[in-house]
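This is how it looks when you write it as structure tokens:
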């Protein structure tokens, strides 16, 4: 048992205490209204979200969250009003409720379990400190609940995934700079995105041909060191032309016994390919590499970290 388990037990205790001595039927109805409101919000959040987006020009990612919260509030308010009227006006229901009052903590506890399940899925699905994710996976209660709540991951990502992406911004460091930036996270959840690598090569080619330069020749032998570096930065949580051991792009290329006269490197960390390419072209040093006549070969290694964003390494040589 670890600190995540203790927090879960604390939350469950709060829900349990909150339900003690309350109306049993009220707590049962509260539980079902919570459940119904949650699933209806997942199903219809886009309807209200589109209203916010079209009428008030709210960004799509924020409108999805507002739609989710709005639908939840509307549905739960209506259900609680109906429930209150039913209980307060029915004598038999009141008598039954008094008999069952000692068991009112049970539905309250169930509501707490659902709340914890939602929270754990959000922690497991979005960019959170790796030590927190690890603690969840290693916790006895947390891991047990998370495994049984994985079906909620996709719908919750639909609602909150945009907000997660919007928190990522374009990041780069100057070519040949020894600056190192701590990303604030580490992840093994990434894979090469060949489709985006090809697309970025097309963007680079268009930039060069638009000013009369020859397009780069794709150098497949440069691809492994480019991908390796992108993956290493995500895995170890840093952003730099130099690894924590001090290895440069030249060192990484030499490991693969690749011959070259001049070597260069561009790095970008961004939520989308468009923002990465635009950011590189707005940076004089990176733009100079892309449009340099000193280089004639290129490989682009893109590791797709999902909600963690794209880590991009462009390696140039001649």
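Numbering (the working numbering), first residue to last: -8 to 309. Ideal Cβ positions, reconstructed from N, Cα and C, are used throughout, including at glycine. Note that the structure is a prediction, hence the values are computed from the model and not measured.
- The Cβ neighbour count for residue 51, taken over all protein chains shown within 10 Å, is under 16; the residue is labelled exposed.
- In the three-state reduction of the DSSP assignment, residue 141 falls in the helix class.
- Between the region -1 to 7 and the region 96 to 113 there are three or more C-beta pairs closer than 8 Å, enough to call the two in contact.
- Below 8 Å, enough C-beta pairs join the region 249 to 259 and the region 270 to 283 to call them touching: three or more.
- DSSP, reduced to helix, strand and coil, places residue 178 outside both helices and strands of the structure shown, so it counts as coil.
- The alpha-carbon separation between residue 15 and residue -4 amounts to approximately 28 Å.
- Here the alpha carbons of residue 54 and residue 44 stand approximately 6 Å from one another.
- Here residue 130 is buried, its C-beta having at least 16 other C-beta atoms within 10 Å.
- Membership of residue 272 in the alpha helix (DSSP H) is indicated by the continuous run 264 to 272.
- Inter-residue distance for residue 199 and residue 295 is about 26 Å (C-alpha atoms, whole angstroms).
- By the Cβ neighbour-count rule, residue 227 is exposed, with fewer than 16 other Cβ atoms within 10 Å of its own.
- Residue 24: member of the alpha helix (DSSP H) spanning 15 to 47, first to last residue.
- Of the residues assessed, residue 284 falls on the exposed side of the cut-off, its CB having fewer than 16 other CB atoms within 10 angstroms.
- Residue 164 is not a Cβ neighbour of residue 244, given a cutoff of 9 Å.
- Distance from the CA of residue 304 to the CA of residue 236, rounded to the nearest whole angstrom, comes to 18 Å.
- Where residue 0 is concerned, the enclosing alpha helix (DSSP H) starts and stops at -6 to 10.
- For the pair residue 229 and residue 162, the Cα-to-Cα distance works out to about 12 Å.
- In the displayed model, residue 231 falls within a strand according to three-state DSSP.
- With contacts defined by Cβ atoms closer than 9 Å, residue 293 and residue 184 form a contacting pair.
- Taking C-beta separations shorter than 8 Å and ignoring five residues to either side along the sequence, the partners of residue 137 in its chain run 108, 111, 112, 115, 127, 128, following chain order.
- When the Cα atoms are used, residue 56 and residue 37 turn out to be separated by approximately 9 Å.
- Looking at 147, 297, 123, the one whose alpha-carbon comes closest to that of residue 60 is 147.
- By the Cβ neighbour-count rule, residue 188 is buried, with 16 or more other Cβ atoms within 10 Å of its own.
- Per DSSP, reduced to three states, the secondary structure at residue 286 is coil, with no helix or strand assignment.
- The beta-bridge partner set that DSSP reports for residue 216 is empty.
- Here residue 173 has 228, 229 as same chain residues with Cβ atoms under 7 Å from its own Cβ, once five neighbours each way along the sequence are excluded.
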